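To start, the structure itself, in structure tokens.
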Amino acid sequence: MPGQITYVGDRSQENTEIDVVSYDTENYNRSKNISIDETFKMVKDHPDQVHWITYTGLTDVDQLQKIGQLFSVHPLVLEDIANTKQRPRYDEFSEYIFLTLKMIYASDKFIKEHYALILGENFVISFQENKEDDILDFLHKRIETKKGRIRNSDSDYLFYAITDAIIDNYYNISEAIEQKTEQLEDKILSAPDHASPEEIQVLKRQILSVRKSVAPTKEIINRLHLSKHQLFSSKTKRFLADLYDHILQVNENIGIYREIVWGLMDMYMSSISNKMNEVMKVLTIMSTIFIPLTFIVGVYGMNFQNMPELGYHNAYYYVLGVMFIISVLLIIYFKKKNWF
Amino acid sequence: MPGQITYVGDRSQENTEIDVVSYDTENYNRSKNISIDETFKMVKDHPDQVHWITYTGLTDVDQLQKIGQLFSVHPLVLEDIANTKQRPRYDEFSEYIFLTLKMIYASDKFIKEHYALILGENFVISFQENKEDDILDFLHKRIETKKGRIRNSDSDYLFYAITDAIIDNYYNISEAIEQKTEQLEDKILSAPDHASPEEIQVLKRQILSVRKSVAPTKEIINRLHLSKHQLFSSKTKRFLADLYDHILQVNENIGIYREIVWGLMDMYMSSISNKMNEVMKVLTIMSTIFIPLTFIVGVYGMNFQNMPELGYHNAYYYVLGVMFIISVLLIIYFKKKNWF
Amino acid sequence: MPGQITYVGDRSQENTEIDVVSYDTENYNRSKNISIDETFKMVKDHPDQVHWITYTGLTDVDQLQKIGQLFSVHPLVLEDIANTKQRPRYDEFSEYIFLTLKMIYASDKFIKEHYALILGENFVISFQENKEDDILDFLHKRIETKKGRIRNSDSDYLFYAITDAIIDNYYNISEAIEQKTEQLEDKILSAPDHASPEEIQVLKRQILSVRKSVAPTKEIINRLHLSKHQLFSSKTKRFLADLYDHILQVNENIGIYREIVWGLMDMYMSSISNKMNEVMKVLTIMSTIFIPLTFIVGVYGMNFQNMPELGYHNAYYYVLGVMFIISVLLIIYFKKKNWF
Amino acid sequence: MPGQITYVGDRSQENTEIDVVSYDTENYNRSKNISIDETFKMVKDHPDQVHWITYTGLTDVDQLQKIGQLFSVHPLVLEDIANTKQRPRYDEFSEYIFLTLKMIYASDKFIKEHYALILGENFVISFQENKEDDILDFLHKRIETKKGRIRNSDSDYLFYAITDAIIDNYYNISEAIEQKTEQLEDKILSAPDHASPEEIQVLKRQILSVRKSVAPTKEIINRLHLSKHQLFSSKTKRFLADLYDHILQVNENIGIYREIVWGLMDMYMSSISNKMNEVMKVLTIMSTIFIPLTFIVGVYGMNFQNMPELGYHNAYYYVLGVMFIISVLLIIYFKKKNWF
Amino acid sequence: MPGQITYVGDRSQENTEIDVVSYDTENYNRSKNISIDETFKMVKDHPDQVHWITYTGLTDVDQLQKIGQLFSVHPLVLEDIANTKQRPRYDEFSEYIFLTLKMIYASDKFIKEHYALILGENFVISFQENKEDDILDFLHKRIETKKGRIRNSDSDYLFYAITDAIIDNYYNISEAIEQKTEQLEDKILSAPDHASPEEIQVLKRQILSVRKSVAPTKEIINRLHLSKHQLFSSKTKRFLADLYDHILQVNENIGIYREIVWGLMDMYMSSISNKMNEVMKVLTIMSTIFIPLTFIVGVYGMNFQNMPELGYHNAYYYVLGVMFIISVLLIIYFKKKNWF
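Protein chains in written order, with our numbering: chain A, 1 to 340; chain B, 1001 to 1340; chain C, 2001 to 2340; chain D, 3001 to 3340; chain E, 4001 to 4340.
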């Protein structure tokens, strides 16, 4: 329903928590679990500081609406923040910039977390569902310990730094895909019996799922680094161009693994066929050697009254000899055909 | 035949019914089953209200023509309204805007309904074949109960809201495709005997059919949100941009399921091959064990007069023992080859 | 050879026939089988009428050259008219417009007819190889009976109407392809023995052949409706935009059948594999049941002097019973494996 | 090594031969085997004539360098002339235009010849490795016999005419590919035993090799006909647009055969599978009929002392009868299954 | 971490070595293993000479930072130099140009070396991990021996010459791929038993890995030759356009081998199927001939008391004769079916 903010994720009602880190070159202050009004006051009172507002827990729609009123955020943006299934998106407004992308964790199933960012004149608000943001922890530490450029830069650099941290983590995802692909490949080649088409299909789906987040992110970062919005300083734009390069590389890597995994089903098929060939050969060799011998012994098992050979003294041994020669010849024939 | 309005759908002659909902912030009025002339008068008499004219039943070409004359609609537009096989289309005229797209219902076969919209200064005319528009019911309720922005907005927002409702329903379609794909995948992996290439082919066709409607809709919504037509306020354009984002996401989802379903035939083939491998193994194991044994018993079934072994007292038991050892050795051999 | 007009088709020398239909809102005149000079005089003498000149039979190069001189047509255009293998083409000159496309008849093999059009100020010349133009017959009737817009419009509308008639016929082709595809699909699924890879290949070729004509036509119609040539009135341009929509739709339909037909070979392969699986199962079941039984009867066919069982009174019946139990157990085993 | 002219082809040192054809509307003169200095003098002395300089044999780098100095050709152009593996290329300089493409001869292996052209104010220099230019012979004759437009046109028309002759020959290549494809297709369908995956692979390679020359030529001709270089008259540009149309058509044809040939491997696979199916059926029918019969005769070959049936007078005939009925029933069963 | 220079390669800490070659048309000087400060002084003191600074060993981040300060290089560029996994990149700054690409060595596994270049007014700095730059050795020799254009040209030509040397080496890579592809193809066709799906997969990966470097290099060289940076003279731009042509050709070649290698798995599958067919035929022929014969001998091995044939004098010979005829007929049947 247009113009109506609805939480779409699958979490139960949780408390919203707002943390604010305020800093400039000299000062640093971290306020934990404060109210939206306090947050807004802080941003207004310290216009020369950069404020990173971490908003955790998206289930409480009223809180979101309050944020929207105070910071004059467009209702559609609030909708996209609450809609955790929203695809990556970038939108420019006169006073602020909105970006949403996916944090991906390289566990067994590539868990995707919805992550949204609003960049204003002197603040960045980041929205996420839960707090386990180990991907961004090091950023907090760098701000606190004054490492790197962040403390000397404006809010646009903070915005860049957060986005960069998320996208750099995509490299881990691409490496996890690489590893899974290689393991499956090895399994198919060495023990096709233990591999199954299901595993290939699961890996395919995972790659498609990751690509679904990464591909639109690529477009978005492209628009970001070409943006002419006044919030981005020319200094930061260099960094955004660098970011675009990173997402391009991740995208290419995933593209390569896509090609390889799409070829695995064929590889699996040929491994199965090879196995079947081997089974067929065993059957054929055994049958081909014993079928004529069984026929011969059948002949001398007939009960005709007049079968002179039966009376010859060494006939039995001669027949055994002939059968031995036949089987040796057949074995030589199969050897020549490289059947074993 | 150019310039000639012809109904193309497969319904028999039905009555046309025109309903009009007229509203502004304060007033709301719903008129059911009124004539075209009354409708036109209403639109002219209340220029400050927004009129949503619902035109149901496309078989009566004369009525359409009358609408065309009163609202000065181009004959080609009337043609496209009556042509229920028309692909999604967007066309701008100086006085009005024309849009046609497909409503898709996620039943067994993804039924598509032709739906056309004309946006004028203070009215929206929607054309459809039958009345079961549960997709749009909630919109009527929101207008009546003054929920959301519609009552405070112009006709362009109503136009957006209708289009948005139809496109949001595409998410259901994409989810239905997801579900069908997963069911079929499970079936192929767990019981390939009960799956058939036909089911894969049917799903393929359904995806192609949905994509046939969604892909041109994507282009159209793109042109819509980039349109510079004076009927669209800048406020509404934000919403149209959002709409474009939705159709992009639906399109990507369908693209992903397309890739997965296109891979199912290969998966089915490898499942079949696996089954055949299993059958072959059973045959080979049985044959390979019993063929040499049958040969041995054949040997001692021969009727040669001079076969000394036949006279040995325990020969029979020795032979039985030898055959037992042979079969045990062969079973060990197959175990080693991981054949069972 | 550049600048040399050569007939390239596979018809023998035929007489050229020129028919002219001249009309304006009031007057209508049809002249059959007249000379080129008369035709030219007619066009010059009645500048306010629209003249549709139907030129049938392309083998006589001299006649073509005469037309070229009188109507000052570029030699390259004459070349393209005589070259019946020319791909669809659109070319603008200051005084006239040249268009060539393919009429396709949906018979068994999708016969393509070369069709060329020259649009001048007050005339349209259409060139074709033979007269069986049932696709265009209805146009002649509409002009004669004053139906539709043609009689009230200029030559550009006639030009549009002819092109539209040809392209609308592509819908029949796309439906014929649909029908053939579905028939073949059914055959492969229900009776793969009666289908053959050849039929799939033939259908593939037909689709490629149709697409070869339709795809460049799409580009051409795009250029046509974007053309700024003074011969096209703004009124006609709306119709040309509509035409573009039609060719887009045909192209999409063919694209869909292409995807389906390209998947048929895989479907055929899996149908064959299914059949083979069934054959293998019959063989395996029969062999697996009888091979051990045959071994058992072989055992008691041995001629050892000391085989106590042979003397037991009911041994024969016990052995028969044991064999019966073995075969029942094997049948249960196969039932459990869902082999029949 | 940049800026260094090196012959790259696989011919041994050969003499360079320069022939010059000089003409205008009235005069015609052909000089065979003259020196570079004479050639240059001729071009300078007759500025109003068109000179077609045929330079044959690219192994002598010094001669090339001399040409470069006299006609002030850029060293990179000379490099590309000597590099017979150079891909098709088009380059504009203020005083001249450089074009290199591939002549392809439709023999067994599609021999490609490197061909380079320099178009100056009143001359065209063509470079090639050897003289067997039957593709261009007819052009020489047309110039000599004053046929066509060449004698009345400038050097740019000669440049066009040569390029056109080479590209028109691509139609022969595309027809040769068509023929080879159809032959291979027939072979695979009628006698898959005599076809081999190798033949398909060879045809694939040939198509890829031709496409490698044709695809970049397409781009080049596009740039050529859009060129605004002052050497091209507007009259000639019409012809260059026509040329672009030809190369587009060739490219489309090759694209179609590419699609067909890429599908042949699948067709071959299904032909093989069909054959295997047939083999399997023969084996299964024979085995299934005789295996139970062999079991029955085994039963009555057992040596139990108490087997009453053995003593019955007509038992033998009854058993023969039963076996006959069993085999008839099995044959009926297979007939019903359409196995033969 | 943005803005932090980190060595990413897999080499242990190594000493950085800086060599400088300074030259103009008359002078040439090579300084080995000098400090960064000396290098910088040299560049400043001789503004009219071109300085090629070879910086080997990227592990020492502090040295890199020092270079950055002296030559005022942007920190992101330093990051990309130290990041040996950086994808090919091109970046323009007001005072200098940055380029990084991959040197590829055609050994067994296509070793890729990270290579970065900075082009300044009168210097080129090249960064690489180790010294074994045989690809560039010949360039040093040409500078020393005054061969070619380098000594008479500015730093931009040196920059071009280095890039050209690296890209020309890609031709060797493309030839190595060609050779490997052909060897594998031959193996699959002549001895599918000795080929394995693994080899195809390995070759696929190698091609994907090379393409991963070559494809972005293509884009980069395109931007390079279209660049309007004041550091590039118009003379050098001609050469850069030539370079673009080279990388296009390499890219096309790799594309062709990609298509061929992607088809090898199908070829392998059909080779395996052919083999299996052959195995099946041997089994079927043997079984089909001996199964009926074994049945016949079984019949006359039955112990019925009343089997008149057993008593006939030549019955045994007749039966042998009948069996011989049956086997001859079956052999003729298989011959007719072309089974051997």
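Glycine is no exception: its CB is placed at the ideal position from the N, C-alpha and C atoms.
Quick caveat: nothing in here was measured; it's all calculated off a predicted structure.
Taking lysine 4109(E) as reference, the option from Ile4166(E), Lys4147(E) and Glu4199(E) with the minimal CA-CA separation is Glu4199(E).
Listed along chain C are Met2269, each with a C-beta nearer than 8 Å to that of methionine 3269(D). Within the region 2294–2312 of chain C, those residues whose Cβ lies closer than 8 Å to any Cβ of chain B are, in chain order, Thr2294, Phe2295, Gly2298, Val2299, Gly2301, Met2302, Asn2303, Phe2304, Gln2305, Asn2306 and Met2307. DSSP, read as helix, strand or coil, puts glutamine 4201(E) in helix. In the three-state reduction of the DSSP assignment, leucine 2101(C) falls in the strand class, which pools E and B. Note that the C-beta distance between valine 3050(D) and aspartate 3024(D) is below 8 Å. Using a C-beta cut-off of 8 Å, the region 4002–4020 of chain E makes contact with the region 4035–4048 of chain E, since at least three inter-stretch Cβ pairs fall below that distance. The continuous beta strand (DSSP E) containing leucine 1117(B) extends over residues 1111–1119. Beta-bridge partners of aspartate 3091(D) (DSSP): Phe3098(D).
Contacts with chain C at 8 Å (Cβ-Cβ) include glutamate 3259(D). Residue-level contact by beta carbon holds for methionine 4280(E) and chain A, with a gap shorter than 8 Å. By the 16-neighbour rule on beta-carbons within 10 angstroms, glutamine 4013(E) is exposed. What glutamine 3004(D) touches in chain C, judged by beta-carbon distance under 7 Å, is nothing: the nearest beta carbon there is about 38 Å away.
Proximity of arginine 2087(C) to chain D, defined by a Cβ-Cβ separation below 8 Å, is satisfied. With respect to chain D, the C-beta atom of aspartate 2193(C) has a partner C-beta closer than 8 Å.
Put simply, of Leu1189(B), Ile1207(B) and Glu1079(B) the residue whose alpha carbon is nearest the alpha carbon of isoleucine 1111(B) is Ile1207(B).
Taking a contact as a CB-CB distance under 8 Å, the pair leucine 184(A) and alanine 195(A) counts as one, their CB atoms being some 7 Å apart. Nearest in C-alpha terms to lysine 235(A), of all of Leu158(A), Asn338(A) and Lys187(A), is Leu158(A). For phenylalanine 4232(E), no Cβ of chain D is located within less than 8 Å of the residue's own Cβ.
Here glutamine 1069(B) carries a helix assignment [DSSP, helix/strand/coil]. Under the three-state reduction of DSSP, tyrosine 4157(E) is assigned to helix. Put simply, of Leu3101(D), Ile3067(D), Val3279(D) and Thr3084(D) the residue whose alpha carbon is nearest the alpha carbon of isoleucine 3220(D) is Leu3101(D).
Glutamine 2004(C) and aspartate 3245(D) have their C-alpha atoms spaced approximately 16 Å apart.
Straight-line measurement puts the Cα of glycine 4255(E) at about 17 Å from the Cα of glutamine 3086(D). In summary, alanine 2191(C) is exposed, with fewer than 16 beta-carbon neighbours lying within 10 Å of its beta-carbon over all protein chains present. For histidine 4051(E), the uninterrupted beta strand (DSSP E) run begins and ends at 4050–4056, by DSSP. DSSP places glutamine 230(A) outside any beta strand (DSSP E), giving it a letter other than H or E. Only exposed fits threonine 1145(B), as fewer than 16 other CB atoms lie within 10 angstroms of its CB. Beta-carbon to beta-carbon, aspartate 3156(D) and serine 3233(D) are separated by about 6 Å, close enough to satisfy the 8 Å threshold. Each residue's CA atom was taken as its position, placing leucine 3310(D) and glycine 3298(D) some 13 Å apart.
Excluding the 5 residues flanking it on each side, valine 2077(C) has same chain C-beta neighbours closer than 6 Å at Phe2098, in chain order. Here the alpha carbons of glycine 2068(C) and serine 2213(C) stand approximately 26 Å from one another.
Using a Cβ-Cβ cut-off of 8 Å, isoleucine 2104(C) does not count as an interface residue toward chain B, since no Cβ of chain B sits closer than that to its own. Using a Cβ distance threshold of 8 Å, methionine 1280(B) and methionine 280(A) count as a contacting pair. His74(A) is the residue among Thr217(A), His74(A) and Asn130(A) whose C-alpha sits nearest the C-alpha of isoleucine 118(A).
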